[in-house]
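S.K.:
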Amino acid sequence: MGAMASPGHILIVCVCLLSMASAEAPQEPDPFTYDYHTLRIGGLTIAGILFILGILIILSKRCRCKFNQQQR
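Reading the sequence shown from the start, the letters are residues -23 to -1, 1 to 49 in mature numbering (1 follows the signal peptide of the UniProt record, and there is no 0).
1. Go to Y13, then tell me how far its alpha helix (DSSP H) extends in each direction, as first and last residue.
2. By how many angstroms is the C-alpha of K38 removed from the C-alpha of L30?
3. Measuring only the C-alpha atoms, how far is F28 from T22?
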């Protein structure tokens, strides 16, 4: 009867196995990290340039619209 393990030993072995199974492997750094500050600054810069370009096109005399022509 000495071959049977006591419930305490079985419990310790189970706890050790569960703790080893739940331990996570070291994770690699995520290659998809974004620099949101630089992305925001770049987007605002492009939006500002396009806005100013649109205002310049509207105010310039090179844009000939049909509003100035007489209807027949």
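Ideal Cβ positions, reconstructed from N, Cα and C, are used throughout, including at glycine. Owing to the predicted nature of the structure, the values given are computational and were not obtained by experimental measurement.
M.R.: Checking against the coordinates, here is how it stands:
1. Residue range Y13 to L36 is occupied by the alpha helix (DSSP H) that includes Y13.
2. It is roughly 14 Å from the alpha-carbon of L30 to the alpha-carbon of K38.
3. So the two alpha carbons sit approximately 10 Å from each other.
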